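Undergrad: In the working numbering, the protein residues as written are -13 to 430. Cβ atoms here follow ideal geometry from the backbone N, Cα and C, with glycine treated the same way. Note that the structure is predicted; figures quoted are calculated from it, not measured. The structure follows.
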């Protein structure tokens, strides 16, 4: 660690991911020296990267930097010494044998004629009639696109990606994620496959070397990180942390990016109602199937969405399209995401059990032409994937956050804020938590 002229402090950060390093960076800029404790034996959190020593590097799920925040863009670029790849995003969809440019709502050309007619008819009706009260995500889809498109595409994707039906979700996570076109755009896209690019990620950056986690290199070098330090108890009265190896550490101010359902049980004497609320917060888990093949021309897109129920994965990404140094020269890398959740869709089988169904589906859609092409298979498991915005979330989250403020634990990141936020937003969330604990005690 490079301490510089930092002042020793009692600030402790739990978690060495984007949010944790965002907090550390902000404290560092204020001349404060925090200590980061990380449960795993590597940094990165959900943005970790894994080098398999055979030429393949896979991230813990597809991560790219598409921030429009110029300050964060500059910071991330500095962290990799300006050595990054930059691309315009190329994204498509697969539905029942049809390849559809993304987003599908303005790229219906080539789909079955009756489906196109029904989608447009429903869309026109939705645009010209009041839907009524929007009680859930399914209502929103029907009001925005009509039931034919809403149920056939985003509705089915929701079951695979969010592990539950659209009616079980709220709408406070949408942001720019689903493009809302006008009728002219829908009609052009139904008649012509040559359409404008309107994806909310127009371009992105990715480190040239080392996988996505390389974006954290500069921050890690400036931080004091203790790996293999899994917290087993937090005593907020005595301000003491206890670790699985038996060690302890005191703190004056505490910042946590630990997922809330895992954090609350660690806090000594946490009230029963807070524990129950934390347990009701839902999050998906993701099984990642990594496939390496001996040719690079696997896909001309960076990632693809899948809607068919008989295909296990909801999305494929192609890491070798992000950087030439995450796969052997002339080879392709495929990563499949298969989602589960304790509440809605419990995981079945082992990680390895999902390799063969993934390969069979890749062969069915043509990404793998012969099993002899496969030169790498591996699996990753992320126990915390995407926050599920079900109807329990708002009231439970408020109760948990209010309690954490009360006991002086600042929360940050996707799993501390319990929000659908991207890597740049997670980093900024950590910065915000750092400012709060330094300027306002432990308010977060």
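If residue 45 sits next to residue 190, beta carbons under 8 angstroms apart, how far is it from one beta carbon to the other, in whole angstroms?
TA: Position 59 of the chain shown, counting from 1, holds the residue named residue 45. Position 204 of the chain shown, counting from 1, holds the residue named residue 190. 13 angstroms between Cβ atoms; not a contact.
Undergrad: On the premise that residue 8 lies in contact with residue 437, defined as a C-beta separation below 8 angstroms, what is that separation, rounded to the nearest angstrom?
TA: It is not possible to answer for residue 437, since the shown part of the chain is limited to -13 through 430.
Undergrad: Leaving out five residues before and five after residue 373 in sequence, what residues of the same chain have Cβ atoms less than 7 angstroms from its Cβ?
TA: Position 387 of the chain shown holds residue 373. Around residue 373: 269, 400, 404, 405, 406.
Undergrad: Quick check: residue 322 and residue 337, are their CB atoms within less than 7 angstroms of each other?
TA: Taking the first residue of the chain shown as 1, we reach residue 322 at position 336. Taking the first residue of the chain shown as 1, we reach residue 337 at position 351. In this structure, residue 337 does not lie closer than 7 angstroms to residue 322 by Cβ.
Undergrad: Comparing C-alpha positions only, which one of 129, 89, 116 sits nearest to residue 185?
TA: Counting from 1 along the chain shown, the entry for residue 185 is found at position 199. Answer by Cα proximity: 89.
Undergrad: Going by C-alpha distance, which of -3, 28, -5, 17 is nearest residue 3?
TA: Taking the chain shown and counting its residues from 1, one reaches residue 3 at position 17. Closest option to residue 3, Cα to Cα, is 28.
Undergrad: Looking at residue 277: is its Cβ nearer than 7 angstroms to the Cβ of residue 222?
TA: For the purposes of this step, residue 277 is taken as the residue at position 291 of the chain shown. For the purposes of this step, residue 222 is taken as the residue at position 236 of the chain shown. Contact flag unset, no.
Undergrad: Going by C-alpha distance, which of 378, 342, 110, 288 is nearest residue 87?
TA: The residue labelled residue 87 in the question sits at position 101 within the chain shown. Nearest C-alpha to residue 87: 288.
Undergrad: If you draw a straight line from the C-alpha of residue 85 to the C-alpha of residue 69, how long is it?
TA: Translated into the one-based positions of the chain shown, residue 85 becomes position 99. Translated into the one-based positions of the chain shown, residue 69 becomes position 83. Cα to Cα, residue 85 sits roughly 33 angstroms from residue 69.
Undergrad: For residue 505, which option in 109, 83, 100 has the closest C-alpha, if you only look at C-alpha atoms?
TA: The question about residue 505 has no answer, for the chain in this structure spans -13 to 430.
Undergrad: Report yes if the C-beta distance between residue 217 and residue 227 is below 7 angstroms; otherwise report no.
TA: Taking the chain shown and counting its residues from 1, the one referred to as residue 217 is at position 231. Taking the chain shown and counting its residues from 1, the one referred to as residue 227 is at position 241. For residue 217 and residue 227, yes; Cβs fall inside 7 angstroms.
Undergrad: Would you tell me roughly how many angstroms separate the C-alpha atoms of residue 430 and residue 250, rounded to the nearest one?
TA: Here the question's residue 430 lines up with position 444 in the chain shown. Here the question's residue 250 lines up with position 264 in the chain shown. Residue confidence for residue 430 is low, a pLDDT of 41 falling below 50, so the modelled location carries little weight; the figure read from the coordinates is stated next. Spanning the two alpha carbons is a distance of roughly 15 angstroms.
Undergrad: Is any non-hydrogen atom of the ligand FMN found closer than 6 angstroms to the C-beta of residue 274, if you look at the structure I gave you?
TA: The ligand FMN is absent from the structure shown, which contains no ligands of any kind.
Undergrad: Tell me whether residue 245 sits in a helix, a strand or coil according to DSSP, three-state version.
TA: The residue given as residue 245 occupies position 259 in the chain shown. Reduced to three states, the DSSP call for residue 245 is coil.
Undergrad: Report buried or exposed for residue 154, applying the criterion of at least 16 other Cβ atoms within 10 angstroms of its Cβ.
TA: Along the chain shown, read from residue 1 onward, the residue named residue 154 stands at position 168. Buried, because 16 or more other Cβ atoms sit within 10 Å of the Cβ of residue 154.
Undergrad: Do the region 386 to 399 and the region 241 to 250 meet, that is, are 3 or more Cβ pairs less than 8 angstroms apart?
TA: Output reads yes: the region 241 to 250 touches the region 386 to 399.
Undergrad: Which runs of the beta strand (DSSP E) spanning at least 3 residues fall entirely within the region 355 to 413, listed in chain order?
TA: Counting whole runs of 3 or more residues, the region 355 to 413 contains the beta strand (DSSP E) stretches 360 to 368, 395 to 397.
Undergrad: Is the beta carbon of residue 0 closer than 7 angstroms to that of residue 420?
TA: Start at 1 with the first residue of the chain shown, and residue 420 comes out as number 434. Start at 1 with the first residue of the chain shown, and residue 0 comes out as number 14. Not in contact: residue 420 and residue 0 (Cβ atoms no closer than 7 angstroms).
Undergrad: Less than 8 angstroms between the CB atoms is what I'm expecting for residue 294 and residue 82, so what's the real figure, rounded?
TA: As a position in the chain shown, residue 294 is number 308, starting the count at 1. As a position in the chain shown, residue 82 is number 96, starting the count at 1. That belief holds up - the Cβ atoms of residue 294 and residue 82 are roughly 6 angstroms apart, short of 8 angstroms.
Undergrad: Is it true that the region 375 to 382 meets the region 146 to 165, where meeting means three or more beta-carbon pairs spaced less than 8 angstroms apart?
TA: Contact between the region 375 to 382 and the region 146 to 165 is present, because at least three Cβ pairs lie under 8 angstroms.
Undergrad: Of the choices 314, 139, 325, 165, whose alpha-carbon is the least far from that of residue 80?
TA: The sequence position of residue 80 within the chain shown is 94, counting from 1. Looking at the Cα atoms, 139 is the closest of the given residues.
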